[in-house]
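Here the sequence shown is numbered in numbering that gives the first Met the number 0, starting from 0 and rising by one per residue. Glycine included, every Cβ here is placed at the ideal spot set by N, Cα and C. What you are looking at is a predicted structure, and each value in this text was computed from that prediction instead of being measured. For reference, the structure is listed below as structure tokens.
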Amino acid sequence: MKTDKTGKLLLAMAVILAGGCKKQAPSTRVVADGSSTVFPITEAMAEEFQKSHATRVTVGISGTGGGFKKFCAGETDMADASRPIKPSEVDLCARSGVEYVELPVAYDGLAVVVHPKNDWAHHVTALELKKLWQPEAQGKITRWSQVRDGWPDREIHLFGPGVDSGTYDYFTEAIVGKEHESRGDFTSSEDDNVLVQGVATDPLALGFFGFAYYGENKAKLKALPVDDGKPENGDGPVPPSPATIEGGTYQPLSRPIFIYVSKKSLERLEVATFIEFYLEHAPRLVHEVGYIPLPERAYALAKERVHARRTGSMFGGKGSQVGVSIEDLLSREAQRAR
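Here it is, written out as structure tokens:
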């Protein structure tokens, strides 16, 4: 009898513990991976969402390219992307049978930064950036004096995102003129915090990364206004700021950033609920983490895309494109769908 009572007691305790574990652990999961630029937005969304929903949202950083590889293989529900999907990724998703809904979520700018002790570079032109970053510059343009007459004859140390980064893709398209083409002799990382640290500790450095990472580290960095040589985009060099990025005058280094969600994953309630939450709370949380919200109508049109399960890319699956208006693209697409 004593043994039976002990056994029943242990069984009852096991049931209670099991029940407690189930209550504490989320019963469902949403998996996102991709761009380090979009990561702070999706991470903020996940943290806020999990306060009121029994869903675990995991967010990884593999870079835009790395995120698409996982997404198109069906390993994730969402891909964070700092550029539109490109042809090789469209093909990869098609071969795997992964359909996707493309959703712009914010505007971002690429900040070109130097060390605060750099007292010679006060702005830079798009042509000078091309001279510095084009493939032909490798091993040849290695000193500040080679970029502009009057700058010191000292080494220049370059920092930039890794080749799996959508920020790298966009920068090379906007500055060099061809996506994924640049010199290779620079310090690279998929983690923008590593790039921030690199420039912040090297008076001879120049680097580029998402504006939000500059915004969080203004005391450690100096951003260079950029002159694209086109008077219609501003009077001379234009500094990166929320106003110049949203207004489109910080060119050619302003861009929209995205999430992509699997159509199949949207059939799951937890994924559909998270995406609805994401678009509903984007204006506030995008701003809180240092990015620039889209116009309200753009989020409304993005919601329509989700509800209609409208798949494919508004950019034709061609990758990075410079100087686009997300609101115009969404409006044209919504009119065609009616």
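Shown here for Leu265: same chain residues with a beta carbon closer than 8 Å to its own, the five before and five after excluded, namely Val100, Ala271, Ile274, Val305 and Arg308 in chain order.
Per DSSP, the unbroken alpha helix (DSSP H) holding His280 starts and ends at Leu268 to Glu287.
A contact is defined here as three or more CB-CB pairs under 8 Å, and the segment 208 to 227 meets this definition with respect to the segment 104 to 114. Burial is judged here by how many other beta carbons sit within 10 angstroms of a residue's own beta carbon; Leu268 has fewer than 16 and is exposed.
Within 10 angstroms of the beta-carbon of Glu88 lie 16 or more other beta-carbons, which makes it buried. Excluding residues up to 5 positions away in sequence, Tyr298, Ala301 and Lys302 lie with their Cβ nearer than 6 Å to the Cβ of Leu278 in the same chain. Contact between the segment 142 to 162 and the segment 235 to 247 is not established, with fewer than three Cβ pairs separated by less than 8 Å. Minimum Cα-Cα distance from Asp227 among the listed residues Leu126, Arg82 and Glu47 corresponds to Leu126. With a contact defined as Cβ atoms closer than 8 Å, His286 and Pro202 miss out at about 33 Å. At least 8 Å separates the beta-carbon of Thr54 from that of Ala31.
Contact between the segment 72 to 79 and the segment 169 to 186 is absent: fewer than 3 CB-CB pairs across the two stretches fall below 8 Å. Excluding its 5 nearest sequence neighbours in each direction, Pro224 has C-beta neighbours in its own chain below 7 Å: His122, Pro236, Val237 and Pro238, listed in chain order.
In this model, Tyr167 and Gly159 are separated by some 7 Å (Cα to Cα). Non-local beta-carbon contacts of Pro292 in its own chain, meaning distances under 7 Å to residues more than five positions away in sequence, involve Ala105, Ala281, Pro282, Val285 and His286 in chain order. Here the C-alpha atom of Glu42 lies approximately 15 Å from the C-alpha atom of Asn192.
Relative to the Cα of His156, the nearest Cα in the group Pro251, Lys139 and Phe70 belongs to Lys139. Ser34 is the residue among Lys50, Ser34, Lys221 and Ile84 whose C-alpha sits nearest the C-alpha of Gly62.
Membership of Gly108 in the beta strand (DSSP E) is indicated by the continuous run Tyr99 to Val113. For the pair Ser312 and Pro134, the CB atoms are not nearer than the 8 Å cut-off. Residue pairing by DSSP places Leu205 opposite Val113 and Leu157 in a beta bridge. As the crow flies, the alpha-carbon of Gln250 is around 14 Å from that of Val175. Taking a contact as a CB-CB distance under 8 Å, the pair Phe276 and Phe48 counts as one, their CB atoms being some 5 Å apart.
DSSP lists Thr57 as the beta-bridge partner residues of Val30.
The Cβ neighbour count for Lys85, taken over all protein chains shown within 10 Å, is at least 16; the residue is labelled buried. When only Cα atoms are considered, Phe185 and Thr200 end up about 16 Å apart. The beta-bridge partner set that DSSP reports for Met77 consists of Ala31 and Val260. Boundaries of the beta strand (DSSP E) around Ser188: Thr186 to Ser188. Taking Asn117 as reference, the option from Thr248, Pro230, Val198 and Thr27 with the minimal CA-CA separation is Val198.
Collapsing the DSSP output to three states places Pro255 in a strand. A direct Cα-Cα distance of roughly 43 Å separates Pro103 from Asp152. In the three-state reduction of the DSSP assignment, Ala307 falls in the coil class, being assigned neither a helical nor a strand state. Per DSSP, Val237 is not a residue of any alpha helix (DSSP H), being assigned neither H nor E.
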